[in-house]
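2 protein chains.
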Amino acid sequence: MATLKQPTGIDVARLAGVSKSAVSRAFTGGSVSDEARQRIFDAARELRYRPSQAARSLKTNRSRLVGLAVTHLDNQFYPEVIERISDTLAIEGYRLVLFITRGEAELEPVIYELLGFSLDGVILASGAFAARVAHECVEAAMPVIMFNNIDKSSQIPGVSADNTLGGETVARHFIERGHKRIAVITGVADSSTSKDRTEGFCRAVSGAGLPMPTLVNGNYTVEGAAEAMNALLARPDAPTAVFCVNDHMAFSAIGACQQAGVQPGRDIAIAGFDNVGIAGWPSFALTSYAQPVTAMIERCVSRLMAEIGGQADDTGTECIPGKLIIRQSSDFHVP
Amino acid sequence: MATLKQPTGIDVARLAGVSKSAVSRAFTGGSVSDEARQRIFDAARELRYRPSQAARSLKTNRSRLVGLAVTHLDNQFYPEVIERISDTLAIEGYRLVLFITRGEAELEPVIYELLGFSLDGVILASGAFAARVAHECVEAAMPVIMFNNIDKSSQIPGVSADNTLGGETVARHFIERGHKRIAVITGVADSSTSKDRTEGFCRAVSGAGLPMPTLVNGNYTVEGAAEAMNALLARPDAPTAVFCVNDHMAFSAIGACQQAGVQPGRDIAIAGFDNVGIAGWPSFALTSYAQPVTAMIERCVSRLMAEIGGQADDTGTECIPGKLIIRQSSDFHVP
DNA sequence: GTGAAAGCGCTAACAG
DNA sequence: CTGTTAGCGCTTTCAC
């Protein structure tokens with residue numbers, strides 16, 4: 000039963016024959032004699048005592064909880080990121096509270112909750128509308144940082160891959176392999192990731208004197224990407240290379256190609272972005288621009304910790320270069 | 000800055016010209032006159048006031064936080080489950096605190112944290128050693144329920160698919176298609192899921208008068224499953240059908256087959272378990288026993304809520320039947 | 001329907 | 001090094 004009375008610091012103090020402050024000190028690293036400490040810990044173990052976080056939070060104004068807002072998790076990039084952020088935060092003694100968002104409709108309640116759960120800080124990895132949530136957090140003096148999707152136009156702290164560079168890098172790869180008819184399957188229109196990747200890509204393509212790539216919106220969904228790919232294949236001037244602005248869509252595009260009898264890596268070059276685990280599976284062998292996830296998370300967490308520690312973060316937006324991983328899906332020259 | 004003073008109930012009370020008790024009532028659904036309520040909410044909005052969860056928790060002994068322990072998330076089943084649990088809990092006003100575990104080594108700290116974070120309850124979906132954590136929770140009077148991996152030998156609340164039935168169902172499917180040389184790639188040895196699925200499968204196979212399936216341990220990992228599959232293919236009496244006890248390993252097995260020039264759905268039948276999203280992708284078209292995720296989560300959450308509400312849960316372990324989804328990877332008859 | 005008052009369990013001065 | 005004391009912000013009797 001949940002109603003069984005938990006022991007308090009007083010119970011422990013009594014059993015150990017000390018004051019409750021001594022107990023508190025023992026558990027917070029204050030100065031206690033070794034002997035007292037020993038008695039306290041023994042008593043605590045006996046009573047199965049653990050300091051109540053609720054009371055502690057009330058006093059210290061710290062919950063050791065960080066909120067993480069993400070969109071739905073079928074894009075494998077997010078589970079990977081969640082796992083790594085969780086690990087990194089755990090080292091600092093923090094835990095993640097999950098807020099899975101599904102779109103604009105849920106905006107208000109999410110903000111309300113994010114701010115209501117007495118979190119120490121918030122990481123926003125949730126795509127398009129995150130910027131608005133971020134502003135609310137700033138207003139409410141809640142430490143916040145945007146991850147992956149950022150808002151360059153504001154001073155809101157953010158960490159992302161260098162998406163523009165990533166787009167460029169993929170473009171250059173296509174160009175080197177002799178492609179001339181090139182397309183890109185874009186993501187949700189107002190996400191910074193899609194915009195930047197597409198922009199970098201297009202700039203490099205036209206900079207090389209090639210015609211502007213055909214852009215089709217895949218909306219960051221499996222269905223959208225499949226449709227986009229089919230539309231591309233149906234064109235009289237079908238592209239020989241297509242850049243999907245994330246791997247999630249690239250997998251779907253590959254599937255669409257296969258169904259149409261077009262073989263990626265031979266008949267058409269496909270590249271993605273994120274380099275999620277699946278990209279390396281032999282069934283896909285997807286060329287992908289790898290986000291520097293480790294570095295991104297390291298920066299994200301340490302900046303958030305600094306904010307929580309009271310240091311204002313005026314670093315703004317930070318873009319870290321990644322690395323192109325070339326695999327079979329694009330590793331050939333056009334004739 | 001994190002240090003900006005947040006408004007308290009007193010501030011709101013003062014601005015609204017009422018007592019702080021009135022403010023509290025307004026926010027907890029107590030009886031307040033409409034007029035007062037209006038003034039209070041107006042004042043709260045103006046001050047950007049939100050009741051502090053920490054203080055509330057201290058008083059009510061409820062945090063509206065539920066812990067979720069899971070192993071690493073590369074098995075796509077878990078992200079799917081997390082997302083759904085998060086949604087279901089959100090309806091009840093609860094949020095998920097994530098504890099990503101990585102094995103026995105981390106057992107103690109995880110327990111300590113799980114119990115230390117003043118959670119209202121805990122969901123254990125974390126595989127093999129979850130049972131020990133569960134017992135600790137029970138001892139500590141922390142409402143707990145095991146999900147997916149359960150412990151039938153104890154009275155610890157648990158919800159899972161009917162894994163035995165699932166294994167049987169897959170076996171029957173193979174048998175109907177005329178397979179005689181059958182193998183299974185198993186998971187971590189002491190996980191109830193792997194044991195039950197394998198057991199149900201083997202029982203049905205030998206019940207049909209066929210020789211016992213060859214068992215190879217894939218350890219629930221991509222690498223393990225690939226090795227297992229390769230070992231299977233190398234045998235003189237290589238199987239014509241293999242059951243992978245989860246989809247995660249099945250994908251890897253499919254990859255291994257393809258690399259060996261053996262085509263799933265034609266040369267060999269492959270089936271998985273979980274029916275994760277990817278299973279339906281054309282690149283895999285994996286036959287899989289679908290876990291009844293919706294029902295499982297519904298039961299899991301409502302039982303946990305009951306426990307949190309103070310009702311002892313003596314339902315024990317609960318297994319819900321799923322459904323076989325037949326796809327190309329196994330949809331053929333042996334000659 | 002409303003306010004006053006008493007804590008929830010803890011930490012952090014403060015004095016010894 | 002140790003105990004006493006005063007709250008953290010809220011909910012909740014209890015009178016009115």
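Residue numbers (numbering that gives the first Met the number 0), protein chains in the order written: chain A, 0 to 334; chain B, 0 to 334. Cβ atoms here follow ideal geometry from the backbone N, Cα and C, with glycine treated the same way. The structure displayed is predicted, hence computed values, not measured ones.
Problem set entry | Touching by the beta-carbon criterion (3+ pairs, under 8 Å), the stretch 73-83 of chain A and the stretch 75-94 of chain B | Put simply, the stretch 73-83 of chain A touches the stretch 75-94 of chain B. At least three CB pairs are less than 8 Å apart.
For this session: Would you tell me roughly how many angstroms separate the C-alpha atoms of serine 251/A and threonine 213/B, rounded to the nearest one?
Result: C-alpha of serine 251/A to C-alpha of threonine 213/B: approximately 35 Å in a straight line.
Problem set entry | Within-9 Å CB hit, alanine 68/B to chain A | Taking 9 Å as the CB threshold, alanine 68/B stays off the interface with chain A.
Exercise. Does the stretch 247-263 of chain A come close enough to the stretch 192-203 of chain A that 3 or more CB-CB pairs lie under 8 Å?
Worked result: A contact between stretches requires three or more CB pairs, one per stretch, nearer than 8 Å, and the stretch 192-203 of chain A fails this requirement with the stretch 247-263 of chain A.
Exercise. Taking 8 Å as the cut-off, does the CB of glutamate 91/A come closer than this to any heavy atom belonging to the ligand PLP?
Worked result: The ligand PLP is absent from the structure shown, which contains no ligands of any kind.
Problem set entry | Within 9 Å, strictly: CB atoms of methionine 145/B and isoleucine 155/B | The answer is yes: Cβ separation under 9 Å.
Exercise. Quick one: what's got a C-beta closer than 7 Å to glutamine 24/A's C-beta in the same chain, skipping five residues either side?
Worked result: Strictly speaking, residue 24/A in this sequence is arginine, with glutamine absent from that position. For arginine 24/A, where only same-chain residues beyond five positions count, the Cβ hits under 7 Å are Ser30 and Val31.
For this session: Consult DSSP for threonine 317/B and reduce its assignment to one of helix, strand or coil.
Result: The residue you asked about is not threonine; residue 317/B is glutamate in the sequence shown. The answer is strand: DSSP assigns glutamate 317/B an E or B state.
Exercise. For valine 343/A, which of Arg44/A, Val121/A, Ser152/A and Ala237/A has the nearest alpha-carbon?
Worked result: In the structure as shown, chain A begins at 0 and stops at 334. Residue 343/A is therefore absent and cannot be evaluated.
Exercise. Given a limit of 8 Å on CB to CB distance, which residues of the stretch 40-56 of chain A reach chain B?
Worked result: Listed by position, the residues of the stretch 40-56 of chain A near chain B (Cβ gap below 8 Å) are Arg47, Arg49, Pro50, Ser51, Gln52, Ala53, Ala54 and Ser56.
Exercise. Would a check of beta-carbon distances place serine 287/B closer than 9 Å to chain A?
Worked result: Not an interface residue.
Exercise. Chain A partners of isoleucine 269/B, CB-CB under 9 Å?
Worked result: Those do not exist, as isoleucine 269/B stays about 12 Å from chain A at its closest Cβ, beyond 9 Å.
Exercise. Checking contacts by CB at 9 Å: is tyrosine 111/A closer than that to chain B?
Worked result: Residue-level contact by beta carbon holds for tyrosine 111/A and chain B, with a gap shorter than 9 Å.
For this session: Determine which residues of the stretch 70-87 of chain B have a Cβ less than 8 Å from any Cβ of chain A, and write them out in chain order.
Result: Going along the stretch 70-87 of chain B in chain order, one finds His71, Leu72, Asp73, Gln75, Tyr77, Pro78, Glu79, Ile81, Glu82, Ser85 and Asp86 with a Cβ nearer than 8 Å to chain A.
Exercise. Where does the unbroken beta strand (DSSP E) through alanine 268/A begin, and where does it stop?
Worked result: For alanine 268/A, the uninterrupted beta strand (DSSP E) segment begins and ends at 268-273.
Problem set entry | Endpoints, beta strand (DSSP E) assigned at threonine 197/A | Premise fails: threonine 197/A lies in the alpha helix (DSSP H), 191-206, not in any beta strand (DSSP E).
For this session: Report all residues from its chain with a CB closer than 7 Å to the CB of lysine 4/B; omit the five preceding and five following residues, and keep chain order.
Result: Nothing listed; no residue qualifies.
Exercise. Alpha carbon to alpha carbon, how far is phenylalanine 26/B from valine 143/B?
Worked result: Each residue's alpha carbon lies about 29 Å from the other.
Problem set entry | Cβ distance (whole Å) where phenylalanine 116/B is taken to contact glutamine 52/A below 8 Å | Phenylalanine 116/B to glutamine 52/A, Cβ: 5 Å. Contact.
Problem set entry | Buried versus exposed, by CB contacts within 10 Å (16 or more), threonine 2/A | Bear in mind that the predicted position of threonine 2/A carries a pLDDT of just 45, short of 50, making it unreliable; the figure below should be weighed with that in mind. By the 10 Å Cβ count, threonine 2/A comes out exposed.
Problem set entry | Contact set between the stretch 271-282 of chain A and chain B, restricted to residues whose Cβ is under 9 Å from the partner | Taken in chain order, the members of the stretch 271-282 of chain A whose beta-carbon sits within less than 9 Å of a beta-carbon on chain B are Gly276, Ile277, Trp280, Pro281 and Ser282.
Problem set entry | Candidates Val215/A, Gln310/A and Ile39/A, of which the one nearest lysine 232/A by Cα | For the sequence presented, residue 232/A should be read as leucine rather than lysine. Nearest in C-alpha terms to leucine 232/A, of all of Val215/A, Gln310/A and Ile39/A, is Val215/A.
For this session: With phenylalanine 116/B as the anchor, note down where its beta strand (DSSP E) starts and where it stops.
Result: That residue, phenylalanine 116/B, is in no beta strand (DSSP E); it is neither H nor E in DSSP.
Problem set entry | Cβ-based burial, aspartate 313/B [other Cβ within 10 Å; buried from 16] | The residue in question, aspartate 313/B, is exposed, as its Cβ has fewer than 16 Cβ neighbours within 10 Å.
Problem set entry | Residue from Val22/A, Gln257/A and Ala160/A whose Cα sits closest to the Cα of alanine 268/A | Ranking Val22/A, Gln257/A and Ala160/A by Cα distance to alanine 268/A puts Gln257/A first.
Exercise. Excluding the five sequence neighbours on either side, which residues of its own chain have a C-beta within less than 6 Å of the C-beta of proline 336/B, listed in chain order?
Worked result: With chain B running from 0 to 334 in the structure shown, residue 336/B is simply not present.
Exercise. When the cut-off is 9 Å and only beta carbons count, does glutamine 37/B lie next to chain A?
Worked result: Not one chain A Cβ lies under 9 Å of glutamine 37/B.
Problem set entry | Chain-ordered neighbours of isoleucine 296/B on chain A, where CB pairs are closer than 8 Å | By Cβ distance, chain A contributes nothing, its closest Cβ being about 14 Å from isoleucine 296/B, past 8 Å.
Exercise. Do the CB positions of leucine 97/A and leucine 67/A come within less than 9 Å of each other?
Worked result: Taking C-beta atoms as the reference points, leucine 97/A and leucine 67/A count as a pair closer than 9 Å.
Exercise. Per DSSP, what kind of secondary structure is methionine 0/B in: helix, strand or coil?
Worked result: Low confidence applies here, because methionine 0/B scores a pLDDT of 37, under 50, leaving its location unreliable and the question unanswered by this model.
For this session: Specify the secondary structure class of threonine 31/A as computed by DSSP and reduced to three states.
Result: The question names threonine, but residue 31/A in the sequence shown is valine. In the three-state reduction of the DSSP assignment, valine 31/A falls in the coil class.
Problem set entry | DSSP state of alanine 21/B mapped onto helix, strand, coil | Three-state DSSP puts alanine 21/B in a helix.
Exercise. Of the residues that make up the stretch 133-159 of chain A, which ones have a beta carbon closer than 9 Å to any beta carbon in chain B?
Worked result: Listed by position along the chain: Glu138, Ala139, Ala140, Met141 and Pro142.
For this session: Could you run through the stretch 202-217 of chain B and flag, in chain order, every residue whose CB is less than 9 Å away from some CB of chain A?
Result: For the stretch 202-217 of chain B, which is checked against every Cβ of chain A, not one residue is closer than 9 Å.
Exercise. Using CA coordinates, which residue listed in Ala170/A, Ser153/A and Arg176/A is at the minimum distance from alanine 182/A?
Worked result: Selected option, being the one with the closest Cα: Ala170/A.
For this session: Under 9 Å between beta-carbons, which chain A residues line up against alanine 300/B? List them in chain order, please.
Result: The amino acid at residue 300/B is misidentified as alanine; the sequence shows valine. Those do not exist, as valine 300/B stays about 15 Å from chain A at its closest Cβ, beyond 9 Å.
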